[in-house]
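Right under this line is the structure:
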């Protein structure tokens with residue numbers, strides 16, 4: 136199936152959605168492009184999370200899980216393990232561990248919006264996205280120091296042998 140917008144190439148889900156928009160929204164006096172639809176979606180997501188409307192935490196969690204999970208699956212099927220997705224899941228775990236300090240998070244205004252923007256930066260499909268930058272510059276050195284510390288403790292501990 137091909138659409139006029141995709142120039143004869145097979146229709147992608149985003150193209151199908153854009154075709155739906157063109158068929159069902161009355162003419163606005165200007166062409167509705169992918170940029171308009173994308174901007175409207177992320178603008179509404181930012182407004183929803185900034186007002187902390189019902190379900191904003193769920194929205195951020197779903198948006199920060201779906202694309203990275205799909206891309207991790209595709210990387211695993213291809214037999215590749217890019218540092219971007221490994222670093223993303225480590226960062227994701229650290230952020231959600233930090234959220235157990237809910238008494239601090241309550242005082243951060245528009246926290247969900249900041250978290251959504253941070254995760255979008257971390258999953259952005261480029262070579263030096265947020266996950267690579269944060270992991271390489273902050274988490275990797277911290278985890279290396281933690282690993283060294285745990286290794287030094289483990290050397291002095293003797294476990295009892297089973298009889």
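Numbering (the working numbering), first residue to last: 136 to 298. Quick reminder that beta carbons are idealized off the backbone N, C-alpha and C, glycines included.
For the segment 210-218 and the segment 179-192, state whether three or more C-beta atom pairs, one from each stretch, are separated by less than 8 Å.
At 8 Å Cβ cutoff, the stretches do not touch.
Using three-state DSSP, classify residue 144 as helix, strand or coil.
Position 9 of the chain shown, counted from the start, is the residue given in the question as residue 144. Low confidence applies here, because residue 144 scores a pLDDT of 49, under 50, leaving its location unreliable; read the following figure in that light. In this structure, residue 144 counts as coil in the three-state DSSP scheme.
For residue 241 and residue 288, the rounded distance between their alpha carbons:
Translated into positions along the chain shown, residue 288 becomes position 153. Translated into positions along the chain shown, residue 241 becomes position 106. In this structure, the CA atom of residue 288 is about 36 Å from the CA atom of residue 241.
How is the alpha helix (DSSP H) around residue 227 delimited, first residue to last?
Position 92 of the chain shown, counted from the first residue, corresponds to residue 227. Looking at the DSSP string, the run of the alpha helix (DSSP H) that includes residue 227 is 218-233.
Of the listed residues 239, 199 and 248, nearest to residue 224 (C-alpha basis)
For the purposes of this step, residue 224 is taken as the residue at position 89 of the chain shown. Of 239, 199 and 248, the residue nearest in Cα terms is 199.
Output the distance between the C-alpha atoms of residue 248 and residue 297, rounded to the nearest integer angstrom.
Mapped onto the chain shown, residue 248 falls at position 113. Mapped onto the chain shown, residue 297 falls at position 162. CA-CA distance, residue 248 to residue 297, rounds to 53 Å.
Hey, quick one: how far does the alpha helix (DSSP H) through residue 240 stretch, first residue to last?
If you number the chain shown from 1, residue 240 lands on position 105. From DSSP, the alpha helix (DSSP H) with residue 240 extends over 237-240.
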